[in-house]
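Number of protein chains: 2
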Amino acid sequence: MKKDPLILVTNDDGITAPGIKNLLKVVKRITKNAVVVAPDSPQSGMGHAITMNATLRLNPQELDGVEAYSCSGTPVDCVKIATARVCKRNPDLIVSGINHGSNSSINVIYSGTMSAAVEGAIEGIPSIGFSLCNSSIDADFSPTLDYVEKIIRFALEGNVKANDCWNVNFPAVEKEFINGIKVCRQANAMWEEDFEERKDPSGNSYYWLSGRFVNHEEDKEDTDEWALKHNYVSLVPVQFDVTDHSAIKGLKGIED
Amino acid sequence: MKKDPLILVTNDDGITAPGIKNLLKVVKRITKNAVVVAPDSPQSGMGHAITMNATLRLNPQELDGVEAYSCSGTPVDCVKIATARVCKRNPDLIVSGINHGSNSSINVIYSGTMSAAVEGAIEGIPSIGFSLCNSSIDADFSPTLDYVEKIIRFALEGNVKANDCWNVNFPAVEKEFINGIKVCRQANAMWEEDFEERKDPSGNSYYWLSGRFVNHEEDKEDTDEWALKHNYVSLVPVQFDVTDHSAIKGLKGIED
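Set out below in structure tokens:
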């Protein structure tokens, strides 16, 4: 492993979240060259949103002794402005998280944490998103830290290429119950939405999103959901070509 | 084709955009059962963002004689609330657009138009996003309309399954120059960001996102970018399993 690689740290829960402080704790074990660019407010569920029609602010500060900037934008904005304006050269790795809450299976699509990592990969910087299946503000991240370190070191020891991205999720259990790391695929799952309707003081309706997670592949042992349910750390390699290659041939009839 | 299929119409440019009115014009040629749920304000670049920590409003109105609702949320919110709260049954098809501006290649990831369509597919409703490579508010959509109709009819004639999603882009040329429809894959392209720095009246910096589109596959004839450059309508089948399946085996070393 290169000595003191440049690691960019971001998240979607905001720069004050305990999750990013825990991630930074691990990053500091690995390198003296870390920089943090993270949202100035919670950005959960922002997906791959970018700020196109408004301006961005970047406020220098320090986070646990590390050069840091809070950014007024989305997680993807943070990665874009960090690579374009903050980092003197392309980082060797981008790490995002540790997210308060699961980003397994279909959640990868809605997740700001994972979208920041995917953005890194699009820009040719290997990236890893870390998430703990506990969305509480006082979630206990300590069982995850040695695993986070192991995975970052494994990546930096020549096991990632420029456009690689990994989605790592941790079961919310004590360390002695974790069965190890399992490389998986994204489970075919979804949220069945409901919207709770309420009335404002003027009698007009407004809605709160709620929903029920539905896993269509409960018994599939090669999925991230199965791994997490069985107390494994799940690692899913993620890519940003969303073409359904298998469907191309069958659609050629439309060309006539 | 089923008589008067239920078609949900949405977009990301907002319910007042000319693009959605043009799409609705075509949908009305095909069915008497259309419903519109679209953002009440422009939502370009919102990706797959959802509204998790705020409330949503849904305002009934009419759009060109069709039942319509403007929604205070993102394009994905619109699809979620439409299927959960507005539509009496699952739509037979969701159409999104016609977007003012390209959503080809990597733009599919940032696009609210396409994320709305992908959300439909996640929910098991076949969905198509349409975009014109002209982001002007007064773009001429008329050359696209017969193609939009052909593609929607092709879909409804039994050529889409529950989780299918298509990303359709139109070159910004007059109809006689369009060479037909080409089924493609997403080109490997990206935005090279720049951020223009300005000073506010207090002397503090703020930034505007700008960027340069870089296509890594200029000469690949099977890509959407190639098709559009050569005046074809590009159709890319899109899926929401972002697992890099080819990478799984090579990563097994981390499990030890």
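Here the protein sequences line up with chains R and E, keeping their order. With the working numbering applied, the first sequence has no gaps in its numbers, which climb one by one up to 246 at the end. With the working numbering applied, the second sequence has no gaps in its numbers, which climb one by one up to 246 at the end. Heads up, the beta-carbon is just placed ideally off N, CA and C, and yes, glycines get one too. Model, not experiment: these values are computed from the prediction.
| Item | Value |
| --- | --- |
| Have a look at Met180 (chain R) and Val16 (chain R) and give me their C-alpha separation to the nearest angstrom. | 32 Å |
| Residues of the segment 31 to 52 of chain R in Cβ contact with chain E at a cutoff of 8 Å, in chain order, please. | Pro32, Ser34, Gly35, Met36, Gly37, His38, Ala39, Ile40, Thr41, Met42, Asn43, Thr45, Leu46, Arg47, Leu48 |
| Counting only runs that start and end within the segment 128 to 207 of chain R, where is the alpha helix (DSSP H) found for 4 or more residues in a row? | 135 to 144 |
| Out of R:Tyr100, R:Gln51, R:Pro32, R:Ala111, which one is the CA nearest neighbour of Lys70 (chain R)? | R:Ala111 |
| Which residues bound the beta strand (DSSP E) around Ala111 (chain E)? | Note, Ala111 (chain E): premise wrong, no beta strand (DSSP E); alpha helix (DSSP H) at 102 to 112. |
| Considering only DSSP beta bridges, list what Cys77 (chain E) is partnered with. | Bridge partners of Cys77 (chain E): none, in fact. |
| Leaving out five residues on either side along the sequence, give the residues of the same chain with a beta carbon under 6 Å from the beta carbon of Asp82 (chain E). | Pro(-5), Leu(-4) |
| What number of angstroms, rounded off, separates the C-alpha of Lys242 (chain R) from the C-alpha of Gly170 (chain E)? | 12 Å |
| Report the three-state DSSP secondary structure of Glu215 (chain R) (helix, strand or coil). | helix |
| Within the 9 Å Cβ cut-off, does Ala129 (chain R) reach chain E? | no |
| Taking the straight line between their C-alpha atoms, what separation do you get for Glu215 (chain R) and Phe203 (chain R)? | 11 Å |
| Comparing the C-beta of Arg75 (chain E) with each C-beta of chain R, is any distance below 9 Å? | yes |
| Any beta-carbon of chain E closer than 9 Å to the one on Asn12 (chain R)? | no |
| Provide the residue span of the alpha helix (DSSP H) that contains Asn12 (chain E), from first to last. | 8 to 20 |
| Helix or strand or just coil, what does DSSP make of Ser236 (chain E)? | helix |
| Spatial neighbours of Phe230 (chain R) within its chain, please: C-beta separation below 7 Å, excluding the five flanking residues on both sides. | Val108, Ala111, Ile112 |
| What number of angstroms, rounded off, separates the C-alpha of Leu135 (chain E) from the C-alpha of Leu53 (chain E)? | 18 Å |
| Determine the contact status of Asp248 (chain E) and Thr103 (chain E), defining contact as a CB-CB distance below 9 Å. | Summary: the structure shown does not reach residue 248 (chain E), with chain E confined to residues -9 through 246, and so no result is reported for it. |
| Between the segment 71 to 91 of chain E and the segment 9 to 26 of chain E, are three or more C-beta pairs nearer than 8 Å? | yes |
| Which residue marks the beginning of the alpha helix (DSSP H) containing Cys68 (chain R), and which one marks its end? | 65 to 71 |
| Which residues, taken in chain order from the segment 224 to 238 of chain R, show a beta carbon closer than 7 Å to some beta carbon of chain E? | Leu225, Val226, Pro227, Val228, Gln229, Phe230, Asp231, Val232, Thr233, Asp234, His235, Ala237, Ile238 |
| Is there contact between the segment 154 to 162 of chain R and the segment 126 to 142 of chain R, where contact requires at least three CB pairs shorter than 8 Å? | yes |
| Would Lys172 (chain R) pass as a contact of Glu245 (chain E) if the rule is Cβ separation under 9 Å? | yes |
| Which residues in the same chain as Tyr197 (chain R) place their Cβ atom closer than 7 Å to its Cβ, once the five residues preceding and following it in sequence are excluded? | Phe185, Glu186, Glu187 |
| Straight-line CA distance for Ile127 (chain R) to Pro32 (chain R)? | 12 Å |
| Could you list the residues in the segment 157 to 181 of chain R with a C-beta less than 9 Å from some C-beta on chain E, going in chain order? | Asn157, Gly170, Ile171, Lys172, Val173, Cys174, Arg175, Gln176, Asn178, Met180, Trp181 |
| Which of the three DSSP states is assigned to Asn221 (chain R) in this structure? | coil |
| Distance, Cα to Cα, Val232 (chain E) vs Cys123 (chain R)? | 20 Å |
| How should Gln51 (chain R) be labelled, buried or exposed, when 16 other C-beta atoms within 10 angstroms of its C-beta is the threshold for buried? | exposed |
| Compute the Euclidean distance between the alpha carbons of Ala106 (chain E) and Pro29 (chain E), then round it to the nearest angstrom. | 11 Å |
| Can the beta-carbon of Ile84 (chain E) be found less than 9 Å from the beta-carbon of Gly63 (chain E)? | no |
| According to a CB-to-CB cut-off of less than 9 Å, which residues of the segment 193 to 210 of chain R neighbour chain E? | Asn194, Ser195, Tyr196, Tyr197, Trp198, Leu199, Gly201 |
| Per DSSP, which residues does Leu(-2) (chain E) bridge with? Please list them. | E:Val25, E:Ile84 |
| Can you list the residues of chain E that Ile219 (chain R) reaches, using a CB-CB cut of under 7 Å? | Reading off the sequence shown, one finds Lys at residue 219 (chain R), where the question assumed Ile. Within 7 Å Cβ-Cβ: nothing; Lys219 (chain R) doesn't reach chain E, min ~17 Å. |
| Rounded to a whole number of angstroms, what is the C-alpha to C-alpha distance between Ala129 (chain E) and Val223 (chain E)? | 16 Å |
| Could you give the first and the last residue of the continuous beta strand (DSSP E) run that contains Pro50 (chain R)? | 48 to 53 |
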